[in-house]
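Step one of this worksheet: look at the structure below.
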Amino acid sequence: MIYRQNFIKELTFAAVGIFAVVLAVLVSTQAVNLLGRAADGRVAVDAVAALIGFWTLGMTPLLLVLTAYISTLAVLTRFWRDSEMSVWLSCGLSLKQWLRPVLAFALPFAVLIAVMQLSVLPWAELRSREFAELLKQKQELSLVEEGEFRTLGKRNGRVYFVETFNTESGVMKNLFLREQDSKGRENVVFAKEGRFALNDHKRTLELTQGYRYSGIPGEADYNRVGFERLSLVISTTPKIINPIDHRRTIPTARLIGSDNPQYRAELMWRVSLPLAALILAVLAVPLSYYNPRTGHTYNILFAIGFFLIYQNGLTFLRNAIENGKIGFWAGLLPPHLAMLAAAFLLLRIRSMPAQPFGQALKAALKGSKP
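Residues in the sequence shown are numbered consecutively from 150, following the numbering used here.
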């Protein structure tokens, strides 16, 4: 019908605008945060763009849920405000008949969210963690500054100083390093050249042509040893990433049928977002009711409240599954069924506009016909 085509067309334009605006706000906020961390030296500057990309990809499913919900709510609210909905209702078009075009609009969102949640995001999360681990391995090299004292690693109080540093080759010239071992002996190393390396999952500092002085401060028994090559272990790193250790990186096929509570919680969350996109779109139909005579926008407040309750409820039940307090189905079904029941209850109430809200609620609960 004509009303369906125009309605879906308007929903599409609204969704594009809402998605673009919300995405721009979130990405700009995250970009400012990461640039601030890069300025402090906590994140490499050349990694900011990649980190923003991974973060945006992870936020896309929830953003699509919000887009479908807000678009449906905004367009139908405008129909009520401009009395277009009153015209359609007076022509014999019931409020329930709007569910079909709304679901036709929300279904592609749900399919896209399902594809991302079940397939794309586990892969993206794995790549993101690999990238983050590589950044950690290269952190010392990216933060090397000429003429400044820097700490090296997280133990032994290692401090080093570099006179010159070639950013292209990674070679440091005239390097000084001081450390203290577990026995309280102080080691001071001077080397003509040095570079960071990764060998057998060990981050090392390779030094050439230098001397090593060892002793206890305040005593005269320092030892001096010359060397042509010296390898200092900075830290021992595990395999770049092990998917088993991170539930968000595990393929969905491995989550199905697992007895691990954490895996069940992750599967529940992946399945819930596509369902939430459809249910929230249905819920937006009765929540969009607006009385142009009063000018009150209470429906927007109720819409925000329902979304927060829904989202927090899903998070709470996911944590309950993870902690082993409830089973998979006990955490998956109740929130969706409750919101779906609330949507159809409100839909029956809004189908009786001539009656006060209290009487309409009683009639809806009793199952009376509008």
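Built from N, CA and C at the ideal position, the CB exists for glycine as well.
Continuous alpha helix (DSSP H) assignments of at least 4 residues falling wholly in the region 439-471
447-471
Closest Cα partner of Glu317 within the set Glu335, Arg344 and Leu326
Arg344
Find out if the Cβ-Cβ distance for the pair Phe271, Thr398 is shorter than 8 Å.
-> The question names Phe, yet the displayed sequence has Pro at residue 271. Yes. Within cutoff.
What does a CB cutoff of less than 8 Å around Thr205 pick up in its chain, not counting 5 residues either side in sequence?
-> Within the same chain, Thr205 has close Cβ partners Leu172, Leu175, Val176 and Gln179.
When DSSP labels each residue in this structure, what does Ile399 get in the three-state scheme?
Reduced to three states, the DSSP call for Ile399 is coil.
### Task
Measure the beta-carbon distance from Arg307 to Leu326 and round it to whole angstroms, keeping in mind my assumption that it falls under 8 Å.
7 Å
Review point. Considering Thr316, what are the terminal residues of the alpha helix (DSSP H) in which it resides?
Key: Secondary structure note for Thr316: it is in no alpha helix (DSSP H), with a DSSP letter that is neither H nor E.
Next on the checklist: So for Lys99, helix, strand or coil by DSSP?
Outcome noted: Missing from the structure shown is residue 99; the chain here goes from 150 to 519 and no further.
Does the region 427-440 come close enough to the region 210-227 to have 3 or more Cβ pairs within less than 8 Å? Contact holds: three or more Cβ-Cβ distances are below 8 Å.
- Message: Please report the distance separating the alpha-carbon of Gln154 from that of Asp195.
- Response: 46 Å
_Coarse secondary structure for Tyr412, derived from DSSP in three states_ = helix
message = Give me the residue from Phe203, Val320 and Lys322 with the minimum Cα distance to Met265.
response = Here the closest residue by C-alpha is Phe203.
| field | Bridge partners - Arg276, DSSP secondary structure assignment | value | Answer is none; Arg276 lacks a bridge partner.
Quick check: the region 452-466 against the region 243-258, are at least 3 beta-carbon pairs closer than 8 Å?
With a cut-off of 8 Å, the region 452-466 and the region 243-258 do not count as touching, because too few Cβ pairs lie within range.
* **Alpha-carbon to alpha-carbon, Ala281 and Ala492** => 42 Å
Legend entry - Closest by C-alpha distance to Ser500, when choosing among Pro400, Pro435 and Leu301: With distances taken between Cα atoms, Ser500 lies closest to Pro435.
* Asked: How big is the Cα-Cα spacing for Glu294 and Gly319?
  -> 12 Å
Next item on the list: Could you tell me the distance, in whole angstroms, from the CA atom of Leu416 to the CA atom of Leu215?
Entry: Near 21 Å, if we compare the C-alpha coordinates of Leu215 and Leu416.
Cβ-based neighbour list, Leu463, same chain, cut-off 6 Å, excluding 5 preceding and 5 following: Ser421 and Pro484
Based on DSSP bridge pairs, tell me the residues matched to Tyr309.
Arg299 and Leu326
Open item on the list: Taking the beta carbon of Ile262 as the centre, do at least 16 other beta carbons fall within 10 Å, making it buried, or is it exposed?
Closed with: buried
query = Excluding five sequence neighbours on each side, which residues of the same chain lie with their C-beta closer than 6 Å to the C-beta of Thr226?
reply = Non-local C-beta neighbours of Thr226 in its own chain, meaning closer than 6 Å and more than five positions away in sequence, comprise Ser437 and Tyr439, ordered along the chain.
Hey, how far is the Cα of Thr313 from the Cα of Gly333? 30 Å
>> Can you give me the C-alpha to C-alpha distance between Asn315 and Glu342, rounded to a whole angstrom?
In response: 11 Å
Q) Are Asn472 and Pro410 closer than 8 Å when you measure CB to CB? A) Going by C-beta atoms, Asn472 is nearer than 8 Å to Pro410.
Q | Whole-number beta carbon distance between Pro257 and Ile157, since they are thought to touch under 8 Å | A | With 8 Å as the limit, Ile157 and Pro257 do not qualify as a contact, their Cβ atoms being about 11 Å apart.
With 16 other Cβ atoms within 10 Å as the buried cut-off, status of Ile365: exposed
query: Considering only residues of the same chain and omitting the five flanking positions on each side of Leu213, which have a CB-CB separation below 7 Å?
result: Phe258, Leu261, Ile262 and Ala426
Quick one: grab the DSSP three-state call for Gly406.
coil
Ala369 in three-state terms, based on DSSP: DSSP, read as helix, strand or coil, puts Ala369 in coil.
Cβ neighbours of Ile393 in the same chain (closer than 8 Å, five flanking residues each side left out): Interpretation of Ile393 is limited by its pLDDT of 47, a score under 50 that renders its predicted location unreliable; the figure taken from the coordinates is listed afterwards. Correct list, in chain order: Ile399.
Open item on the list: Let's see if you can read the secondary structure: which residues bound the alpha helix (DSSP H) around Val264?
Closed with: Leu248 to Val264
Taking Ala199 as part of the alpha helix (DSSP H), name the residues at either end of that continuous run.
Val197 to Arg230
ask   = Would you call the CB atoms of Arg396 and Leu379 closer than 8 Å?
value = no
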